[in-house]
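Following: one structure in structure tokens, then a few remarks.
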Amino acid sequence: MLNQVMHWLQSADTTGLLTFLATMLLASYRLLHPLIQARLQTIKNTQVLQALQLADELAGAIIPELAKMAELEPDQRKEAAIKFVEQHLQALGLSLTEQMIAAKVA
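Positions 682 to 787 (my numbering) are the ones given, in order, by the sequence shown.
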């Protein structure tokens, strides 16, 4: 009889511990998940902002060079500027959409 009681207490203790750990894990996930998502979004936004600032600087650097190329049509100049900025951003491991780059070049 005593063995059965001791076995039941050990089982209850193990079950309680597992239940406690599972509850703590779930509660931690529920609390930390929004914080982690917000942090990841902030990092992504910071990278996009840096890419946009760099695109501004690159667009400013290429515009005088394109002005010297009088033989190109305005559309061709814009395409050349977009390719220039896009290539330099990719070399640095950054990326922007072509529409964003076109807006910076215009």
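Positions of the beta carbon are idealized from the N, C-alpha and C atoms, including for glycine.
Please read these numbers as outputs of a predicted model, since none were measured by experiment.
Check	Outcome
Work out the CA separation of R758 and E752 for me, nearest whole Å.	10 Å
Take the Cβ of K785 as the centre, count every other Cβ of all protein chains shown within 10 Å, and call the residue buried at 16 or more, exposed below.	buried
Tell me the residue span of the alpha helix (DSSP H) that contains K759.	P755 to A772
For L739, which three-state DSSP category applies?	helix
Whose C-beta lies closer than 7 Å to the C-beta of M750 among residues of the same chain, with five residues either side of it excluded?	R758
Counting beta carbon pairs with one atom in the segment 734 to 750 and one in the segment 701 to 715, are three or more of them shorter than 8 Å?	no
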